[in-house]
Structure formats: structure tokens, C-alpha cells
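S.K.: For reference, the structure I am asking about is given below.
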Amino acid sequence: PKKDFVLNNPIYSGKILVGGKNFGSGSSREHAAWAVYDYGFRCVVSSFFADIFKNNCLNIGVLPVQVSAEFADKIFTAVLANPNTELEVDLDAQTISILGTDEKESFEISPYKKHNMLNGFDDIDYLQSIKTEIEDFATKLPF
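Counting in our numbering, the sequence shown runs without a single skipped number right up to 156 at its last residue.
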């Protein structure tokens with residue numbers, strides 16, 4: 014490993030990756046999201062995500078948190094001033110906070126994806142969780 018690479022520094026060993034604008038752009042294959050997951054990140058924060066990358070992340074259990082450019086700048090400023098800066102992501106409340114400050118912002122996520130993330134489900138797990146409803150629906154079909 015490259016010793017001076019920022020992610021090899023133990024101080025940056027958290028579960029939240031903060032990326033620049035257009036994070037994941039050009040990463041239309043699932044491998045980009047898998048690389049983030051395999052490194053140990055469970056959340057990626059950016060002011061903009063490529064749609065395919067964002068959906069690939071959600072499908073494998075990495076939460077993409079899109080924030081305003083202004084809030085992203087506040088995060089970068091805080092981390093540059095103090096590399097021990099911590100972020101808190103509250104999926105239930107759909108907020109991200111810079112701990113030790115009053116800085117907080119809301120983020121959007123579809124109710125379906127939020128439900129799956131909170132329950133550790135992928136799409137198949139979700140369908141299995143509503144198997145009874147699916148079977149009930151199927152009995153009402155005319156064919």
C-alpha cells in the first residue's frame with residue numbers, strides 16, 4: 014500500500030466517506046459501489062451523486078447522503094481544521110450533523126430504500142418479508 018495515501022492514515026478510518034461533487038460519476042458498474050463497501054464505508058457524503066452509482070450503493074447497503082454544496086464545504090472546512098471531526102448520520106431523522114457544532118442538514122431518501130436500509134434488506138429480502146401480502150394478492154387475480 015502507498016503509505017502517504019490519505020485512506021491509509023488511521024485517523025481517517027471511519028465508516029463515512031466524504032467525497033467531492035459528482036462522486037461516483039462515470040462509475041456505472043456495481044464494482045465502484047462494491048469497492049466503497051469492501052473498504053468498510055457504510056455511508057458516502059457528497060453534494061452530488063451520479064444516479065447509477067447512488068442506486069448501486071443503496072442496493073448493497075451503502076447510504077449515499079446528498080448534501081448542499083454549502084454543507085459539503087462546511088464538512089471539508091471542519092475536517093481540514095480538525096481531522097478528528099466526526100459526522101453523525103441519522104437515517105431515521107434523515108439528518109447529517111457535524112458533531113461538536115450546530116451544523117446539521119436534512120437529506121432525502123425514498124421511503125422504500127429507507128425501510129430497506131433500516132432493516133438491512135436488499136430487494137429480495139424485502140419481497141420475502143411481504144410474501145404473505147404477495148400471496149394474498151395473487152389469489153385475487155382472475156388468472
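For each residue, glycine too, the CB sits at the ideal point set by N, CA and C.
Fair warning: this is a prediction, and the values are worked out from it, not measured in the lab.
Measure the C-alpha to C-alpha separation of residue 137 and residue 145 and round it to an integer number of angstroms.
M.R.: Their Cα atoms are separated by approximately 14 Å.
S.K.: Quick one: using the 10 Å Cβ neighbour count with 16 as the cut-off for buried, is residue 109 buried or exposed?
M.R.: Counting other Cβ atoms within 10 Å of its Cβ, residue 109 reaches 16 or more and is therefore classed as buried.
S.K.: Less than 8 Å between C-beta atoms, sequence neighbours within five positions excluded: which residues of the same chain meet that for residue 112?
M.R.: 98, 99, 100 and 101
S.K.: Compare the Cα-Cα distances from residue 50 to each of 38, 65 and 72 and report the closest residue.
M.R.: 72
S.K.: On the CB-based measure, 16 or more other CB atoms within 10 Å of its CB, does residue 37 come out buried or exposed?
M.R.: buried
S.K.: Using DSSP bridges, identify the partner residues of residue 70.
M.R.: Note: residue 70 sits in no beta bridge, so no partner.
S.K.: Identify which residue in 93, 32, 85 and 86 has its Cα closest to the Cα of residue 63.
M.R.: 32
S.K.: Leaving aside the five residues before and after residue 48 along the sequence, list all residues of the same chain whose C-beta is less than 7 Å from its C-beta, in chain order.
M.R.: none
S.K.: Got a sec, what are the start and stop residues for the beta strand (DSSP E) residue 111 sits in?
M.R.: 108-111
S.K.: Nearest-angstrom Cα distance between residue 59 and residue 156?
M.R.: 48 Å
S.K.: Using only the alpha-carbon positions, how far apart do residue 24 and residue 148 sit?
M.R.: 50 Å
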